[in-house]
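*Asks:* Taking this note's numbering, I'd label the letters of the sequence shown as residues 9 to 140.
Don't be surprised by glycine CBs; every beta carbon is placed ideally from N, CA and C.
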Amino acid sequence: MQIKICHLLGFILIFLLLSVTEAAKYLTEKHKITIVVEIDVKPRLTPEATFADVERVKVNFQEIGNFKVKLNNLFADKQLEDSAHALINENWRQFYEILRPAIEQAIEAVMLDRYKKILQYLPATYLIADFH
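1) What would DSSP say about residue 103, mapped onto helix, strand or coil?
2) Straight-line CA distance for residue 60 to residue 101?
3) Helix, strand or coil: which one does DSSP assign to residue 56?
4) Look at the alpha carbon of residue 114 and the alpha carbon of residue 53, and state the distance between them as a whole number of angstroms.
5) Compare the Cα-Cα distances from residue 81 to each of 73, 75, 90, 74 and report the closest residue.
Listed below in structure tokens is the structure:
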């Protein structure tokens with residue numbers, strides 16, 4: 009069984025382009041993000057209930073309207089920090105397209121882990137009435 013979920017999310021994208029110090033804080037603005045999440049599950053029947061064993065999660069960012077990031081305390085030099093913000097915010101689409109496979113893969117891995125853990129104990133029929 010394949011479940012498709014479409015959402016407009018204000019999803020936090022963390023770019024791994026720069027080494028951020030422990031003291032660094034960040035703020036992001038995201039607008040009009042469309043993400044398609046496909047989840048492949050296999051029914052697992054038990055005497056108590058029917059569960060969904062998650063086999064695969066596929067994430068596809070279909071649209072990102074706009075994205076801005078501000079990383080505080082990124083560098084000791086404020087001018088260098090401002091230049092880095094300008095570079096990232098003016099060219100974020102190019103950075104994103106380069107990093108897209110890694111971003112999607114990382115999100116898929118996290119979602120797969122979480123969904124497996126949650127759905128291992130939550131009967132699928134609680135979420136989907138006619139699941140079988």
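*Replies:* In brief:
1) In this structure, residue 103 counts as helix in the three-state DSSP scheme.
2) Cα to Cα, the separation comes out at about 36 Å.
3) Residue 56 falls in the coil class under three-state DSSP.
4) So the two alpha carbons sit approximately 30 Å from each other.
5) The shortest Cα separation from residue 81 among 73, 75, 90, 74 belongs to 90.
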